[in-house]
Amino acid sequence: MKRTRHTFRLRPELADRLTDFAARKRVSQAAVVEAALVAFLSPDGPERLEAAFARRLDRMTKQLDKLCYHVEVGNEALALFVLTWLTQNPALAADELPAAQAQAKKRFSAFVAALARRMETDQRLSPGS
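Just so we're aligned: the sequence shown equals residues 1 to 129 in the UniProt record's numbering.
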């Protein structure tokens with residue numbers, strides 16, 4: 001294919017970037033300039049970029065919707081558990097309360113430690129988490 005010779009001037013920092021890029025990619029500087037001009041002058045360039053952004057945004061929207069759904073399911077499960085627990089367990093008498101609170105602190109500390117271990121080892125009860 002016949003090529004036309006062009007002479008143009010670049011700012012020194014841009015010329016350095018062109019030289020570095022061409023050397024890293026192991027192509028000629030003319031090939032880099034030609035590819036850049038083709039991309040810049042392509043009539044569908046902005047449309048392709050917009051389409052790529054639209055696809056990425058759609059994918060992110062779907063992921064966010066899925067995350068919102070799972071958070072909602074988790075919240076509902078927790079609310080159902082608390083409601084069931086409150087209806088199944090009567091309130092404690094005043095004289096039993098201090099001992100129960102002390103035991104609850106120990107059990108809660110053990111729960112937090114177990115949760116931390118599970119999160120560190122990526123063990124999950126729910127599949128796909």
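Just so you know, even glycine gets a beta-carbon here, dropped at the ideal spot from N, CA and C.
First and last residue of the uninterrupted alpha helix (DSSP H) at residue i
i: S109; result: 97-120
i: A30; result: 29-41
i: M60; result: 45-88
i: A93; result: First-last for A93: undefined, no H or E at that position.
i: R17; result: 12-25
Inter-residue Cα distance where the pair is residue i and residue j
i: T7; j: L37; result: 14 Å
i: Q101; j: A93; result: 12 Å
i: E76; j: H70; result: 10 Å
i: A113; j: E120; result: 11 Å
i: L86; j: R55; result: 47 Å
i: R9; j: A23; result: 20 Å
i: P43; j: A35; result: 14 Å
i: F53; j: M60; result: 10 Å
i: A31; j: E47; result: 24 Å
i: R118; j: F111; result: 11 Å
i: D58; j: L49; result: 14 Å
Whole-Å CB distance - residue i paired with residue j, under 8 Å assumed
i: F29; j: L18; result: Note that residue 29 corresponds to Gln in the displayed sequence, not to Phe. That belief holds up - the Cβ atoms of Q29 and L18 are roughly 5 Å apart, short of 8 Å.
i: G45; j: A39; result: 6 Å
Minimum C-alpha distance to residue i - residue among the options
i: V33; options: R5, P43, L57; result: R5
i: L125; options: P90, G74, R3; result: G74
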